[in-house]
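See below for the structure under consideration.
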Amino acid sequence: MMKVLWALGISVVLALPFVGTDAYVLAQQENAASEPEVQWLWGEVVSVDNLKNELKVKYLDYETDTEKEILMSINEKTTFENAKSLSDIKPQDTVSIDYEVNSEGKNIVKNISVEKPEMTESSPEAVLPEENENFTNENLNKE
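In our numbering, the protein residues as written are 10 to 152.
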């Protein structure tokens, strides 16, 4: 009888670490399900509505290989890169957006980055004279 009680006691002690594991895993899964997944989008701004704090973006859906448009909502938590606010963003700007879809199905922008155009040889900065030169028509025609 003593051996049976001792074996039972040892079994209980060995099983204790596993009792809370299932509850912990379930709690983690519930938290993950309640937090929206952050998604990413890159595209061209089609329109901006400063009154509604919304912008429409044209992007390529990589799964269907078709261009689509999506309505994005800006809120007080949205952060901006290369723009101070939504009013600095214009149609035809290229943007990279991190967003979440809320429980109502709205696309809420977490971060929006406006891409600056790359400098090309035909841009005005490319034809500026060197430091010790004067700015003349002759300098503009140099190759």
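Where a beta carbon is used, it is the ideal one built from N, C-alpha and C, also for glycine.
Taking the beta strand (DSSP E) that residue i belongs to, which residues open and close that run?
i           : result
residue 108 : 103 to 110
residue 120 : 116 to 123
residue 90  : 88 to 90
Measure from the alpha carbon of residue i to the alpha carbon of each residue in the options, then state which is nearest.
i           : options              : result
residue 106 : 85, 90 and 114       : 90
residue 45  : 122, 92, 123 and 114 : 114
residue 58  : 97, 120 and 51       : 97
residue 52  : 84, 76 and 62        : 76
residue 119 : 92, 69 and 49        : 49
residue 69  : 104, 85 and 99       : 104
residue 85  : 62, 123 and 19       : 62
Tell me, which residues are paired with residue i by DSSP?
i          : result
residue 58 : 63
residue 68 : 52 and 77
residue 82 : 63 and 117
Use the C-beta contact count for residue i: other C-beta atoms within 10 angstroms, 16 or more gives buried, fewer gives exposed.
i           : result
residue 60  : exposed
residue 10  : exposed
residue 74  : exposed
residue 87  : buried
residue 102 : buried
residue 66  : buried
residue 110 : exposed
residue 108 : buried
residue 47  : exposed
residue 121 : buried
How close, in whole Å, do the beta carbons of residue i and residue j come, if the pair is a contact with beta carbons under 8 Å?
i          : j           : result
residue 55 : residue 72  : So it is not a contact: roughly 21 Å between Cβ atoms.
residue 82 : residue 117 : 5 Å
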